[in-house]
Amino acid sequence: MNKQKVAVLLPCYNEAGAIGETVTSFQQALPDASIYVYDNNSTDNTVNEALQAGAIVRHEPRQGKGEVVRRMFSDIDADIYVMADGDDTYDASICPELIDQLNNEKLDMIIGSRERTSMAYPKGHILGNKMFSSLINLAFSAQLNDVFSGYRIMSHRFVKTAPIFSDGFQIETELTVHALHHNMSIKEVSTQYQSRPEGTTSKLNTLSDGLKILNFILFLLRDVKPMFFFGSLSILLGFISLILGIPVIVDFVDTGLVERLPTAVLSSSIALIAVMSFFCGLILDNVSRGRREMRILSILRFKDDE
């Protein structure tokens, strides 16, 4: 078999203080790999720092990490793809070991799960990651700890069959859901995660980006897991209907009168919506299952270059 072509993908926005060291660390770990830095309208010296470090620099004018990743996946052909952030927080030295695992175990993707420290990983990010990871695990019967990790080792098949719709920091979640929903082989490996270099700041806003990610996950679940989405909504609405309706029923049993007519109407309406939501999920689940089967078959027919 010919030697595998490895591409390191580094999406960047204003990482002048870290991108040079990031490129160097991956050059040392993977001396034969092609290292691509995709600049996303940086206003600092990111491009020059990346060029001086020896990276291949390209540009994506549409703002957002998802836009950059979509462009990278479209432009670059390789056998193995290594994706990381350009902030020098991920451990590049473990990369050869992860690539060996990907090849030996015939995996489609390895997620570099971050070993969290209070200094390197803010508490707000830890809490949000746990919450969203738990939601994904519940929906897909998975056991992942870090669905937001930007450190990914991916096969050619995975990259070229991943439809990307997100435009921002939702991209990691979308890649994870793509793998889980289509029964692709993935593995989570614990990796060191270090603090950003002094003088650099994270572009992730815990609250605003967290809300965007939550919104994206909910709409993604609506599309790929409609029974889970609408079934959960049906249960919630049914519970609310019971809370409102039980006192009305108790009054009717005691007096033979419906003394809280507005509450009775509201409770009945919510119950009706709950039933409609359940059957909506049931119908859409059948549609989604057919699409999923076709997608899985197309992925199985996809052949990596030998």
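Numbering (my numbering), first residue to last: 11 to 316.
Where a beta carbon is used, it is the ideal one built from N, C-alpha and C, also for glycine.
Treat the numbers as computed from the prediction; the structure is a model and nothing was measured.
{"Asked": "Under the three-state DSSP convention, the category A26 falls into", "Found": "coil"}
{"Asked": "Element boundaries [alpha helix (DSSP H), containing R68]", "Found": "No alpha helix (DSSP H) contains R68, which is instead part of the beta strand (DSSP E) from I66 to H69."}
{"Asked": "Where the alpha helix (DSSP H) through S151 begins and ends", "Found": "Careful: S151 lies outside any alpha helix (DSSP H) and carries neither H nor E."}
{"Asked": "Cut-off 6 Å between Cβ atoms - residues of its own chain near D89, not counting five sequence neighbours on either side", "Found": "Q14, K15 and H166"}
{"Asked": "Spatial distance of V187 from E303 (CA atoms)", "Found": "15 Å"}
{"Asked": "Beta-carbon spacing of K235, A94 below 8 Å", "Found": "no"}
{"Asked": "Supposed close pair V7, E182 - CB separation, criterion 8 Å", "Found": "Any question about residue 7 goes unanswered here, given that the chain covers just 11 to 316."}
{"Asked": "Per DSSP, cross-strand counterpart(s) of I45", "Found": "V18"}
{"Asked": "Contact check, G248 vs S277, beta carbons under 8 Å", "Found": "no"}
{"Asked": "Pairwise C-alpha distance: L117 and F288", "Found": "36 Å"}
{"Asked": "Element boundaries [beta strand (DSSP E), containing R124]", "Found": "M119 to E125"}
{"Asked": "Range of the contiguous alpha helix (DSSP H) that encloses M304", "Found": "L271 to R311"}
{"Asked": "Closer than 7 Å: A94 CB and nearest the ligand FMN heavy atom", "Found": "The ligand FMN is not part of the structure shown, which contains no ligands of any sort."}
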